[in-house]
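Shown next, in structure tokens, is the structure this report addresses.
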Amino acid sequence: HAEALAQVTLPAITRDGHRIEVAANIATQTDAADAVRQGADGVGLLRTEVLFLDREDPPSEAEQRAAYQGVIDALEGRAAIIRTLDAGGDKPLPFLPLPKEDNPALGLRGIRSGFAQPELLDTQLRALLGVTPIAACKIMLPMVSDAEELLFVRGRVDAIAKELKLTERPSLGVMIEVPSAALLADQLARHADFLSLGTNDLTQYTLAMDRCHPGFAEKLDGLHPAVLRLIARTVEGATRHGKWVGICGALASDLEAIPLLVGLGVTELSVSAGVVAEVKARVRTLDYEACRKQTLVLMNLTSPKEIRARARALWPDT
Ligand code: PEP
Ligand code: MG
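Residues in the sequence shown are numbered from 562 upward in steps of one, following UniProt numbering.
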């Protein structure tokens, strides 16, 4: 068993020696243990929504802390990126009286619902700041549009940490899933510890196409040249401030997309635990320098269909 675990936990390194972290997207402590068994380097996205669903009252600070601590413990020394509540829009909560909106996807969702209910956000931050070791707990904010929003939450984290007499602060990062955030990546990266691309929403908002609309499936593709340019811009902005960029949207586990994501300079791919091994294997077939060069060319093609066809020819799926 120990030997098998050692085998799956080998890092994903390209043929020319460039390391890519492969982390897992999870929701529970059981998922965390499974992610370790499947060889994940850590957790790149813990969706905390499950804690808040199907109940009449919000979970208490103690209940939340126990859940987050359980995940950190199950990771045996690895780190977890824990996303604050991404409620609203298509994810309503019974105890949260949010007004009905004409355009929920453009309304009070993600961190915006935290601004509308500050005590809900504070309780979650307080629970997260109680986790030990604090270095293993990285906080990530969903649906951030600009640096002002990040700075507000950073202020809350500092105030709560002071109240709790903590000497250390957890890493605080933002999701890049709104085009404004990608365009402002340099400003966000100045104040954030890391950026993580939510390509499901970033694609929806960049193309102005509902992510669940069946009629748009072909075009609604993270390999659309517009999305690739926003990813490139995000990496550029982060690099300027020495910060790293991950991807926790579905694009990270798309075998055709991985060479381009590596080529764009993303350093972490966070995927379902079940495909961690496959994603690591894919990374090991690649040459980082070749990915960089080819991606610059592919970004100039005009449709995801063309980009995919060229990617398949350049990096056959073997
Ligand atoms: C995303 O938008 O890509 C993402 C990872 O968040 P979710 O799918 O939970 O909206
Ligand atoms: Mg999202």
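By construction, the Cβ of each residue, glycine as well, lies at the ideal position given by its N, Cα and C atoms.
**Study point:** Short Cβ contact (9 Å threshold) for GLY759 with GLU582
**Key:** Taking the sequence shown and counting its residues from 1, one reaches residue 759 at position 198. Taking the sequence shown and counting its residues from 1, one reaches residue 582 at position 21. Cβ atoms of GLY759 and GLU582: not closer than 9 Å.
Review point. Bridge partners of MET704, per DSSP?
Key: As a working mapping, residue 704 is identified with position 143 in the sequence shown. Beta-bridge pairing links MET704 to no other residue.
Check your understanding: If you measure from the CB of LEU711, is any heavy atom of the ligand PEP nearer than 8 Å?
Key -> Here residue 711 corresponds to residue number 150 of the sequence shown, with the count starting at 1. For the ligand PEP, not one heavy atom lies less than 8 Å from the Cβ of LEU711.
Exercise for review: Using a Cβ cut-off of 9 Å (strictly closer), state whether SER831 contacts chain D.
Suggested key: Looking at the structure shown, chain D is missing, and only one protein chain is on hand.
Check your understanding: Straight-line CA distance for ILE700 to ALA708?
Key -> Here residue 700 is taken as the residue at index 139 of the sequence shown, counted from 1. Here residue 708 is taken as the residue at index 147 of the sequence shown, counted from 1. Near 16 Å, if we compare the C-alpha coordinates of ALA708 and ILE700.
Review point. Listed by chain order, which residues have C-beta atoms less than 5 Å from any heavy atom of the ligand MG?
Key: One residue list follows from the rule of a beta carbon closer than 5 Å to any heavy atom of the ligand MG, given in chain order as GLU738, GLY759 and ASP762.
Practice item. Measure how close the beta-carbons of LEU781 and MET770 come, nearest whole angstrom, since I'm counting them as under 8 Å. Key: Within the sequence shown, numbered from 1, the residue matching residue 781 stands at position 220. Within the sequence shown, numbered from 1, the residue matching residue 770 stands at position 209. The pair is a contact, with the Cβ atoms about 5 Å apart (cut-off 8 Å).
**Study point:** Contact under 9 Å by Cβ, GLY600 with VAL837
**Key:** For this step, residue 600 is matched to residue 39 along the sequence shown. For this step, residue 837 is matched to residue 276 along the sequence shown. In contact: GLY600 and VAL837 (Cβ atoms closer than 9 Å).
Practice item. Measure the CB-CB distance between LEU763 and GLU738 and report whether it falls below 9 Å. Key: For the purposes of this step, residue 763 is identified with residue 202 of the sequence shown, where counting begins at 1. For the purposes of this step, residue 738 is identified with residue 177 of the sequence shown, where counting begins at 1. Yes, they are a contact pair.
Practice item. Identify which residue in VAL796, GLU839 and ASP618 has its Cα closest to the Cα of PRO572. Key: Position 11 of the sequence shown holds residue 572. Residue GLU839 is the option with its Cα nearest to PRO572.
**Study point:** Start-to-end residues for the alpha helix (DSSP H) that takes in PHE755
**Key:** Residue 755 sits at position 194 when you count from the first residue of the sequence shown. PHE755 -> not in any alpha helix (DSSP H); beta strand (DSSP E) instead, spanning 755-758.
Check your understanding: Which value, in whole angstroms, describes the spacing of the CA atoms of ARG598 and ASP663?
Key -> Here residue 598 refers to the residue found at position 37 of the sequence shown. Here residue 663 refers to the residue found at position 102 of the sequence shown. Answer to the nearest angstrom: the Cα atoms are 44 Å apart.
Review point. Among PRO740, GLU724 and ARG717, which residue has its Cα nearest to the Cα of LEU733?
Key: Counting from 1 along the sequence shown, the entry for residue 733 is found at position 172. Closest by alpha carbon: ARG717.
Practice item. Work out the CA separation of GLN568 and ILE574 for me, nearest whole Å. Key: Taking the sequence shown and counting its residues from 1, one reaches residue 574 at position 13. Taking the sequence shown and counting its residues from 1, one reaches residue 568 at position 7. Rounded to whole angstroms, ILE574 to GLN568 spans 14 Å at the Cα level.
Practice item. Report back the beta-carbon spacing between ARG608 and ARG644 to the nearest angstrom; my notes put them in contact at under 8 Å. Key: Indexing the sequence shown from 1 puts residue 608 at position 47. Indexing the sequence shown from 1 puts residue 644 at position 83. For ARG608 against ARG644, the beta-carbon gap comes to about 6 Å, under 8 Å, which counts as contact.
Practice item. Taking only heavy atoms of the ligand PEP into account, decide whether any of them is closer than 8 Å to the Cβ of ARG608. Key: Along the sequence shown, one-based indexing puts residue 608 at 47. Yes, the beta carbon of ARG608 sits closer than 8 Å to at least one heavy atom of the ligand PEP.
**Study point:** Reference residue 923; option with closest CA among CYS698, LEU636, VAL705 and THR828
**Key:** With the chain covering only 562 through 879, there is no way to say anything about residue 923.
Check your understanding: Exposed or buried, ALA746, counting other C-beta atoms within 10 Å across all chains shown (16 or more means buried)?
Key -> On the sequence shown, position 185 is the one that residue 746 refers to. By the Cβ-count criterion, ALA746 is buried, with 16 or more other Cβ atoms from all chains shown falling within 10 Å of its own Cβ.
**Study point:** Same chain, Cβ closer than 6 Å to LEU862, five either side skipped, listed in chain order
**Key:** Working through the sequence shown from its first residue, we reach residue 862 at position 301. In chain order, ILE868 place their CB closer than 6 Å to the CB of LEU862, counting only its own chain and leaving out the 5 sequence neighbours on each side.
Check your understanding: Can you round the beta-carbon distance between VAL735 and LEU702 to whole angstroms, since I take them to be within the 8 Å contact cut?
Key -> Walking along the sequence shown from the start, residue 735 turns up at place 174. Walking along the sequence shown from the start, residue 702 turns up at place 141. About 5 Å separates the two Cβ atoms, so the contact holds.
Review point. By a C-beta neighbour count over all protein chains shown, 10 Å radius and 16 as the cutoff for buried, is GLU637 buried or exposed?
Key: One-based indexing of the sequence shown puts residue 637 at position 76. Within 10 angstroms of the beta-carbon of GLU637 lie fewer than 16 other beta-carbons, which makes it exposed.
Practice item. For LEU725, count neighbouring C-beta atoms within 10 Å of its own C-beta (all shown protein chains included) and say buried if the count is 16 or more, exposed if not. Key: Looking up residue 725 in the sequence shown gives position 164. Exposed, because fewer than 16 other Cβ atoms sit within 10 Å of the Cβ of LEU725.
Review point. Is it right to say LYS841 is buried, meaning 16 or more other beta carbons lie within 10 angstroms of its own, or is it exposed?
Key: Taking the sequence shown and counting its residues from 1, the one referred to as residue 841 is at position 280. It counts as buried.
Exercise for review: Return yes when the Cβ of LEU812 is within less than 9 Å of the Cβ of ASN761, no when it is not.
Suggested key: Within the sequence shown, residue 761 is the residue found at index 200, counting from 1. Within the sequence shown, residue 812 is the residue found at index 251, counting from 1. In this structure, ASN761 places its C-beta atom within 9 Å of the C-beta atom of LEU812.
Review point. Alpha carbon to alpha carbon, how far is ILE819 from ARG871?
Key: For the purposes of this step, residue 819 is identified with residue 258 of the sequence shown, where counting begins at 1. For the purposes of this step, residue 871 is identified with residue 310 of the sequence shown, where counting begins at 1. Approximately 13 Å between the Cα atoms of the pair.
Review point. Span of the alpha helix (DSSP H) holding ILE819?
Key: Your numbering for residue 819 matches position 258 in the sequence shown. Segment 819-824, the alpha helix (DSSP H) holding ILE819.
Exercise for review: State the CB to CB distance for the pair CYS852 and VAL827, rounded to an integer number of angstroms; the pair is presumed to be in contact (CB under 8 Å).
Suggested key: Position 291 of the sequence shown, counted from the start, is the residue given in the question as residue 852. Position 266 of the sequence shown, counted from the start, is the residue given in the question as residue 827. Not really, about 11 Å apart at Cβ, beyond 8 Å.
Practice item. Apply the 10 Å Cβ neighbour rule to residue 880 and answer buried if 16 or more other Cβ atoms are within range, or exposed otherwise. Key: Residue 880 lies beyond the stretch modelled for the chain, which goes from 562 to 879, so this question has no answer here.
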